[in-house]
Amino acid sequence: MKRTSLMLGAAALALAPAAALAERGASGHLNIIYWQAPSTLNPFLSGGTKEIESASLVLESMARFDDTGTMVPWLAESIPTVENGGVSEDLTSITWTIREGVMWSDGSPLTSEDFAFTYEYCTHPEGGCAQSSFFDGVTSVDTPDERTVVVNFEGSTPSPTPPSSGPRAR
12 MKRTSLMLGA AALALAPAAA LAERGASGHL NIIYWQAPST LNPFLSGGTK
62 EIESASLVLE SMARFDDTGT MVPWLAESIP TVENGGVSED LTSITWTIRE
112 GVMWSDGSPL TSEDFAFTYE YCTHPEGGCA QSSFFDGVTS VDTPDERTVV
162 VNFEGSTPSP TPPSSGPRAR
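Adding 11 to a residue's 1-based position in the sequence shown gives its number in this note's numbering.
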């Protein structure tokens with residue numbers, strides 16, 4: 012009898028963690044814990060993972076990757092391709108169109124000028140951008156209208172989406 016009780020007690024102890032783990036995440040609440048708080052919410056001034064991941068909660072990109080690794084439009088209307096005319100035939104430019112109605116948290120519209128500002132800010136020689144290599148090969152960012160962003164490359168770029176997609180999908 013003692014042996015049976017001992018075995019039942021051991022089984023109960025072994026299964027207790029499994030029951031507790033089954034409830035994890037059931038509330039839909041996720042805690043992200045780092046050993047140190049982010050130093051800045053400007054990911055362009057830091058190369059640390061904690062800053063880049065923290066900033067990705069508030070800074071968004073033209074496209075993102077879904078659970079299967081497929082690129083999907085986020086701030087953009089669609090993913091530019093050669094077939095839909097969003098990527099030039101010679102692969103030296105990519106044209107993104109910002110979705111209609113995208114706003115900053117203060118209610119002002121997100122415009123193509125905001126993307127051009129980020130490029131200019133991060134590639135300025137005196138800016139101190141820790142992420143400037145993200146724009147390697149980009150020669151300019153044009154803004155023909157409020158919702159159109161044209162990224163130009165110095166040469167043929169077979170995969171032109173990384174400077175505009177995220178979160179930091181390199």
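Every residue, glycine too, gets a C-beta built ideally from N, C-alpha and C.
All values reported here derive from a predicted model rather than from experimental measurement.
Straight through space, the alpha carbons of residue 57 and residue 85 are spaced by roughly 24 Å. For residue 125, the enclosing alpha helix (DSSP H) covers residues 123-134.
If you look at residue 105, you'll find it in the beta strand (DSSP E) that goes 104-108. In this structure, the beta-carbon distance from residue 87 to residue 110 falls below 8 Å.
Counting the other CB atoms within 10 Å of its CB gives residue 43 a total below 16, which places it among the exposed residues. Annotation for residue 151: the continuous beta strand (DSSP E) segment containing it runs 149-156. Under the three-state reduction of DSSP output, residue 141 falls in the coil class, being neither helix nor strand.
Contact check for residue 98 against residue 91 passes: the beta carbons are separated by less than 8 Å. The shortest CA-to-CA distance from residue 71 to any of 142, 115 and 166 is the one to 115.
Segment contact: the stretch 137-144 against the stretch 55-69, three or more CB-CB distances shorter than 8 Å; contact assigned. For residue 47, same chain residues with a beta-carbon under 8 Å away, outside a window of 5 residues either side, are 61 in chain order. Each residue's CA atom was taken as its position, placing residue 95 and residue 130 some 25 Å apart.
Counting every other CB atom within 10 Å of its CB across the protein chains shown gives residue 65 a total of 16 or more, marking it as buried.
Counting along the chain, the unbroken beta strand (DSSP E) around residue 159 starts and ends at 159-164.
Under the criterion of beta carbons closer than 8 Å, residue 154 and residue 106 do not qualify as touching, at roughly 11 Å.
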